[in-house]
Every structure is written in C-alpha cells, then in structure tokens.
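Protein chains in written order, with numbering that gives the first Met the number 0: chain A, 0 to 179; chain B, 0 to 99.
Here's the structure, in structure tokens; my notes come after.
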Amino acid sequence: MDWSFLAFIIFSTIAILGSLMVILQKTPVSSAFSLVLVFFSFSGLYALLGAHFIAALQILVYTGAIMVLFVFVIMLLGQDEKTTDLKDSSLLFKGIATLGGFGFLSILLQAALTSKDTTGKGIYTEEKIAEMGGNLKAISEVLFRDYIFHFELVSFLVLAAVVATVALAKRKNSQQGEIS
Amino acid sequence: MNDPWLMLIVSCSVFVIGLLGVIFRKNLLIVLMSIELMLNAVNLSFVTFSKIHHVLDGQISVLFVMTVAAAESAVGLGLVISLFRTLKTADSDQIQMLRD
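Below, the structure is given as structure tokens:
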C-alpha cells in the first residue's frame, strides 16, 4: 500500500466533502469551520505535491488570517441564526444550476486530463530542487530573481487594499447612513 | 504521489462546488467563502501543473494569488459590514438601492 496515495485519498475526500458542507450548511459559523477543514486538507495536498512552503503558507495565511477575519465578521454581524436562503430559490433553478455545474465540471476535467502530452519540460525536477537545498530555497531564488518586479507590484496592491478598508471603515463612523 | 493528474480532479470538483455556492447562496458571507474555495482550487491546479512541468513559476503564482485573496477578502468583508450597517441584512437579494 502506497502511503502517499492513502494520504491523498483521505485529504481529497475531506476537501470535497468539506467544500460541499461549506455551501450546504445553514449557519455561516458552521460554513466557516468547514472551510477551515478544507484549508487544512488543501495544505496536506500541497505537501504531498512537494510544495512545502505553499503548504505552510496555506495554514498561516488562510486558516490563520483569512478565517479569523471571517469569524470576526460573523461575530460582529451576529449572523448565528439559521438562514433559509437555500430553500428560497425554486427547485427548477437549483436543478438547472446543478446540471450546468456538472456540465462545466466535465468540460474542465476534459480540458485538464487531455493536456497530458507535455513538451518543453522545465529544469526544476525533484532532484534539482533537493540539490538546491529544498523547496523554499528554490522558490525564493526564482521569486527574487525573475519575479522581483511583480513582487513589488503586489505590495502596492496590499497598500491599496489597506487604504480601501480604512476608507470603508471610517466613512461609516463620520457620516452615518450616507452610503446609499 | 506518482500521478498528479488525480489532483486535477479534486481541483476541478472543488472549483465547481464553489461556483455552485456562489450561484445558490444569498448570504453574502457564504458567497465570499465560496469565492475563497474557487481561489483555493485554482491554487491547487497551479501547484499540480508546476509539478508536472518541473517549473516553479506555478508556486510563485500561488503566492501572488494568496496575496490577492487576502486583499479581496479584507475589502469584501469591509463592504459586507458597511452594507449590513446600512441595510441591517447580509442577504444579497435585499441590495436594491439603485432600483429605488
């Protein structure tokens, strides 16, 4: 029995069932905790693929930062009562949307699985990465050599997001109810 | 993992589940969570293809996508709070200020 395959089966089952639970749960709090489950299993899948830095970052950024933000907002809004919005839409709409989703899934799988023939192989094989000193060293070398400009641009994006969030938060305090 | 193509099946399934969540749910918080699901599915396919092709650019892209996702959820949740203070609801069907 291949242990990595067993781990893949466990993590992918948790990921798919957890994401189904995210969209089917009635309260936002249970959706948020199902999402934490999905993020953890995705981190395991990244580790199985050899992307150890991404796996660590997934737990730090997603489960550590983004989910705390979500849970804080749920707490602030007091959204702990059960919602009925899944039952509100008609059965016909839900059936059509599910069928469309399955059709889209089959198209996606067709596109992904028929792209098997790969010409132009890159140089970063597993042996090369191990020789360079591990996944983190290889990534940082590529990031700060080839992608340094993009890295700086992303910092501007984060700055813009911070300014936008502060503007959204401040406006409510000074002029109450004038957003509409 | 000797067959990374199985990862693509997981990635596509989670992406479609997130898409259905955006279509079905009207609670804005759950819609934002479904968007996070879709972004994660795309990240998984980035890492998978970067392993298949023996390049590291996919993993660099995941770094950028994570940054964008963090910024997006910060701004999105700020908007949800702002809307909730105005309308007292987090239901996306109740947002019809442009109609009135």
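All residues carry an ideal CB built from backbone N, CA and C; glycine is no exception.
Three-state secondary structure (DSSP) at SER11/A?
Stepping through the first sequence from its first residue, residue 11/A is reached at position 12. Looking at SER11/A - three-state DSSP - the assignment turns out to be helix.
Within this structure, are the beta carbons of VAL67/B and TYR45/A separated by less than 8 Å?
Locating residue 67/B in the second sequence gives position 68, where the first residue counts as 1. Locating residue 45/A in the first sequence gives position 46, where the first residue counts as 1. Their beta carbons are not under 8 Å apart, which means VAL67/B does not touch TYR45/A by this criterion.
For chain A, check one thing: does any of its Cβ atoms lie closer than 8 Å to the Cβ of ARG24/B?
What you label residue 24/B is simply residue 25 of the second sequence in a count that begins at 1. Using a CB distance cut-off of 8 Å, ARG24/B counts as an interface residue toward chain A.
Counting along the chain, where does the alpha helix (DSSP H) carrying SER12/B start and finish?
Looking up residue 12/B in the second sequence gives position 13. Per DSSP, the unbroken alpha helix (DSSP H) holding SER12/B starts and ends at 4-23.
Determine the extent of the alpha helix (DSSP H) in which TYR45/A is found, giving its start and end residues.
Position 46 of the first sequence, counted from the start, is the residue given in the question as residue 45/A. Element bounds for TYR45/A: 27-47.
Under the rule that 16 or more other beta-carbon atoms within 10 Å means buried, what is LYS50/B, buried or exposed?
Counting from 1 along the second sequence, the entry for residue 50/B is found at position 51. Label assigned to LYS50/B: buried.
Can you check whether the C-beta of ILE59/B is within less than 8 Å of a C-beta belonging to chain A?
Taking the second sequence and counting its residues from 1, one reaches residue 59/B at position 60. Among the residues facing chain A, ILE59/B is included, as its CB has a counterpart in that chain under 8 Å away.
Using only alpha-carbon positions, find the residue among THR88/B, LEU18/B, PRO3/B, LEU28/B that is nearest to GLU71/B.
Taking the second sequence and counting its residues from 1, the one referred to as residue 71/B is at position 72. With distances taken between Cα atoms, GLU71/B lies closest to LEU28/B.
Distance check for GLU35/B and SER105/A, CA to CA, integer angstroms please.
Taking the first sequence and counting its residues from 1, one reaches residue 105/A at position 106. Taking the second sequence and counting its residues from 1, one reaches residue 35/B at position 36. Looking at the two C-alpha atoms, the distance is approximately 22 Å.
Can you check the region 25-94 of chain B for any beta strand (DSSP E) of at least 3 residues that lies completely inside it and give the ranges in chain order?
Listed in chain order, the beta strand (DSSP E) elements of length 3 or more contained wholly in the region 25-94 of chain B amount to none.
Closer than 8 Å to chain B by CB, LYS136/A
On the first sequence, residue 136/A is found 137 positions in, with the first residue counted as 1. Output row for LYS136/A: interface = no.
Let me check understanding here. Comparing Cα to Cα, which of VAL64/B, ARG98/B, MET96/B lies closest to ASN157/A?
Walking along the first sequence from the start, residue 157/A turns up at place 158. Before going further, note that residue 157/A is Val rather than Asn in the sequence given. Of the listed residues, the one whose Cα sits closest to VAL157/A is VAL64/B.
Can you give the Cα-Cα distance for GLY17/B and ASP1/A, rounded to whole angstroms?
Counting from one through the second sequence, the residue named residue 17/B turns up at place 18. Counting from one through the first sequence, the residue named residue 1/A turns up at place 2. Answer to the nearest angstrom: the Cα atoms are 30 Å apart.
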